[in-house]
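Participant: Can you read through this structure? Questions will come right after.
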Amino acid sequence: MDAKLGWVLVVLATASGYWAYGWRGVALAVSVVVFWLLLQFSRALRAMRAAAGAPVGIVPSAVMLHVKLHGGMRLMDVVLVTRSLGRKVRDEPETYAWRDESGAEVEIEFVGGRCQRWRLERPN
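Residue numbers (numbering that gives the first Met the number 0): 0 to 123.
Laid out in structure tokens, this is it:
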């Protein structure tokens, strides 16, 4: 979700809670927002826990990773698919790479935190 949209939803939930139930509605809206943030934090921790035991930038099959990718994926989603943190290749655009045992490598470019382009390079 876009951060601006998230903040708009927080304001709308708080305002509608106050309009409908007064301060009890504001308390309910704040509780829902905190719960949502805890869910997002838990999801991030789950992704990092999955990648903790794997070597950086290594996947079982680069070809299978290439097939599972699609535009708009966030880095956290890619980490959940690969179960490994990517090796940073470039800063602009933000580019990470994953390699398999055969030497095939997938480079993924992230623009605005979302996957824009990716390419598979196989050894000769």
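Each residue gets a CB set at the ideal place from its N, CA and C atoms; glycine is no exception.
Measuring alpha carbon to alpha carbon, tell me which residue in 8, 116, 122 is nearest residue 68.
Facilitator: Here the question's residue 68 lines up with position 69 in the sequence shown. Residue 116 is the option with its Cα nearest to residue 68.
Participant: Which of the three DSSP states is assigned to residue 36 in this structure?
Facilitator: Reading the sequence shown from its first residue, position 37 is the one you call residue 36. Residue 36 falls in the helix class under three-state DSSP.
Participant: I'd like the list of long-range same chain contacts for residue 59, defined as Cβ closer than 7 angstroms, with 5 residues on each side in sequence excluded.
Facilitator: Locating residue 59 in the sequence shown gives position 60, counting from the first residue. Within the same chain, residue 59 has close Cβ partners 99.
Participant: What's the C-alpha gap between residue 13 and residue 76?
Facilitator: The residue you call residue 13 lines up with position 14 of the sequence shown. The residue you call residue 76 lines up with position 77 of the sequence shown. Each residue's Cα considered, the two are about 30 angstroms apart.
Participant: Are the beta-carbon atoms of residue 85 and residue 55 separated by less than 9 angstroms?
Facilitator: The sequence position of residue 85 within the sequence shown is 86, counting from 1. The sequence position of residue 55 within the sequence shown is 56, counting from 1. Contact flag set, yes.
Participant: To the nearest angstrom, how far is it from the Cα of residue 91 to the Cα of residue 8?
Facilitator: Translated into the one-based positions of the sequence shown, residue 91 becomes position 92. Translated into the one-based positions of the sequence shown, residue 8 becomes position 9. If you take the alpha carbons of residue 91 and residue 8, they lie about 32 angstroms apart.
Participant: Considering Cα atoms alone, identify which of 64, 120, 93 is closest to residue 102.
Facilitator: Taking the first residue of the sequence shown as position 1, residue 102 is located at position 103. When each option's Cα is compared against that of residue 102, the closest is 120.
Participant: Excluding sequence positions up to five away, which residues of its chain have a Cβ less than 7 angstroms from the Cβ of residue 73?
Facilitator: In the sequence shown, counting from the first residue as 1, residue 73 sits at position 74. Cβ neighbours of residue 73 beyond the five flanking positions: 112, 113.
Participant: Less than 9 angstroms separating the beta-carbons of residue 78 and residue 26?
Facilitator: In the sequence shown, counting from the first residue as 1, residue 78 sits at position 79. In the sequence shown, counting from the first residue as 1, residue 26 sits at position 27. Cβ distance not < 9 angstroms, so residue 78 and residue 26 don't count as in contact.
Participant: Spell out the partners DSSP gives residue 113 in its beta bridges.
Facilitator: Here residue 113 corresponds to residue number 114 of the sequence shown, with the count starting at 1. Beta-bridge pairing links residue 113 to 73, 110.
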